[in-house]
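So for the sequence shown, numbering that gives the first Met the number 0 puts the first residue at 0; every next one is plus one.
Every residue gets a Cβ at the ideal spot worked out from N, C-alpha and C, and that includes glycine.
The model shown is predicted, which means the values in this text are computed figures rather than measured ones.
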Amino acid sequence: MDKLTFTADGAQKLANELAESIITNGFNAMSKNDFYDFVLHLLSKYSTENFLATRSNYDNALLLKVKPEKIKASKLNIFLKYDDEQTKKDYLWQIIPMIINGKVKIVDGPKDTGLLNLTIEDPIMRICLDAKMKKDLGVSPDTSFNSEIFVMHQKQFFEILRLIAKENVTNVPKKEIDEIIAQLPSDAAEKTDIKRIFQLVLSGVEEVAEKNQWIPAKTIKVALTLLGAKIKPLRWLLGVA
């Protein structure tokens, strides 16, 4: 990708939001770095490509002619300062497609410990996951070996996935939800609450992987992927190609 594209409507919204911010807050209200990050946020938000969300840090670094480290730092600043609260709330659900697609790598810990090691390069996901575990489980993942490696017990892993699933995900179209409900067991079809659907999804993951036994990390990933393949609309929901 060597250029950005905008619809006429997107370009107009970008210009309006930038102008409104400058007029409301003053031209010198932001530091130089904050202003750069805000403009980058608007460019991605209103571009056809939505490049910050869909492209790698390396590809964006080439596009913008900066170091990948700058892209990583800007993405974190944008998430904390400019993304809306619902976007922040929904972000954690991305951990499932990120595991399936290998962006979050999951491997077994030392033998017979019941531990999993999750390698998470995305600093936003690390912050969100750590905060969720502290708030709802009262524990933090062990990051003493490497800040990008989250060490947790398998029971904590499945519990945090269930907790994430209880949050509403606002970007799931009703059509997709209806198709999912149609393919769930009849008793589940009566409960159309999207939170309930996601809980059923994760329960299915554990069932596929024989939840009463130790589940190898590779099996967890396969189970997530197979679940998406078994129920066709879930391939879209879980980000499976």
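Taking 8 Å as the threshold (beta carbon to beta carbon), is Lys174 in contact with chain B?
Of the chains in the structure shown, none is chain B; there is only one protein chain.
Have a look at the DSSP bridge pairing and note the partners of Ala152.
Stepping through the sequence shown from its first residue, residue 152 is reached at position 153. Here residue 152 turns out to be His, not Ala, going by the sequence shown. Answer is Leu114, bridged to His152.
Take Lys71 as the anchor and find which of Ser143, Gln153, His40 has the nearest alpha-carbon.
Start at 1 with the first residue of the sequence shown, and residue 71 comes out as number 72. Lys71 has its Cα closest to that of His40, out of Ser143, Gln153, His40.
Write down the C-beta distance between Phe5 and Leu13 rounded to the nearest angstrom, noting that I regard them as a contact closer than 8 Å.
Walking along the sequence shown from the start, residue 5 turns up at place 6. Walking along the sequence shown from the start, residue 13 turns up at place 14. The Cβ separation is near 7 Å, so the contact holds.
Suppose the cutoff is 6 Å on Cβ atoms and the five residues either side in sequence are ignored; what does the same chain contact list for Val106 look like?
Reading the sequence shown from its first residue, position 107 is the one you call residue 106. So the qualifying residues of the chain are Asn116, Ala216.
Which residues share a DSSP beta bridge with Lys104?
In the sequence shown, counting from the first residue as 1, residue 104 sits at position 105. Per DSSP, Thr118.
What do you get for Phe26, buried or exposed, if any count of 16 or more other CB atoms within 10 angstroms of its CB means buried?
Within the sequence shown, numbered from 1, the residue matching residue 26 stands at position 27. By the 10 Å Cβ count, Phe26 comes out exposed.
Looking at the unbroken alpha helix (DSSP H) that takes in Gln93, where does it start and where does it end?
By 1-based counting over the sequence shown, the position of residue 93 is 94. Where Gln93 is concerned, there is no enclosing alpha helix (DSSP H), given that its DSSP letter is neither H nor E.
Could you have a look at Asp135 and say whether DSSP puts it in helix, strand or coil?
For the purposes of this step, residue 135 is taken as the residue at position 136 of the sequence shown. Asp135: helix per DSSP, three-state reduction.
Consult DSSP for Asp8 and reduce its assignment to one of helix, strand or coil.
The residue labelled residue 8 in the question sits at position 9 within the sequence shown. Asp8: helix per DSSP, three-state reduction.
With distances taken from CA atoms, which of Asn145, Met97, Thr142, Lys134 is nearest Ser55?
As a working mapping, residue 55 is identified with position 56 in the sequence shown. Selected option, being the one with the closest Cα: Met97.
Taking the alpha helix (DSSP H) that Ala60 falls in, what are its first and last residues?
The residue you call residue 60 lines up with position 61 of the sequence shown. It spans 56-63 - the alpha helix (DSSP H) in which Ala60 sits, taken as one unbroken run.
Taking the C-alpha atoms as reference points, what is the distance between Arg125 and Lys131?
Here the question's residue 125 lines up with position 126 in the sequence shown. Here the question's residue 131 lines up with position 132 in the sequence shown. Rounded to whole angstroms, Arg125 to Lys131 spans 10 Å at the Cα level.
Based on Cα-Cα distance, which residue from Pro67, Glu158, Pro122 lies nearest to Leu79?
Position 80 of the sequence shown, counted from the start, is the residue given in the question as residue 79. Nearest option by C-alpha distance: Pro122.
Closest by CA to Gly137, which one among Asp58, Leu162, Leu75, Lys2?
Translated into positions along the sequence shown, residue 137 becomes position 138. Of Asp58, Leu162, Leu75, Lys2, the residue nearest in Cα terms is Leu162.
Output needed for Met29: all residues of its chain with C-beta closer than 8 Å, excluding positions within five of it in sequence on either side, in chain order.
Start at 1 with the first residue of the sequence shown, and residue 29 comes out as number 30. Cβ neighbours of Met29 beyond the five flanking positions: Phe37.
Could you name the residues of the same chain whose beta carbon sits closer than 6 Å to that of Tyr57, not counting the 5 residues immediately before and after it, in chain order?
Numbered from its first residue, the sequence shown carries residue 57 at position 58. Pro67.
When DSSP builds the beta bridges, which residues end up paired with Ser141?
The count along the sequence shown starts at 1 and reaches residue 141 at position 142. For the record, residue 141 in the displayed sequence is Asp; it is not Ser. DSSP output for Asp141 lists Val150 as bridge partner(s).
Just to confirm the assignment, what range does the alpha helix (DSSP H) spanning Ser73 have?
For the purposes of this step, residue 73 is taken as the residue at position 74 of the sequence shown. Ser73 -> alpha helix (DSSP H) spans 67-80.
What is the DSSP secondary structure of Ala52, counted as helix, strand or coil?
As a first step, residue 52 is located in the sequence shown; it is residue number 53 there, counting from the start. DSSP places Ala52 in helix when its eight states are reduced to three.
With burial defined as no fewer than 16 other Cβ atoms inside 10 Å of the residue's Cβ, what is the status of Trp92: buried or exposed?
Translated into positions along the sequence shown, residue 92 becomes position 93. It counts as buried.
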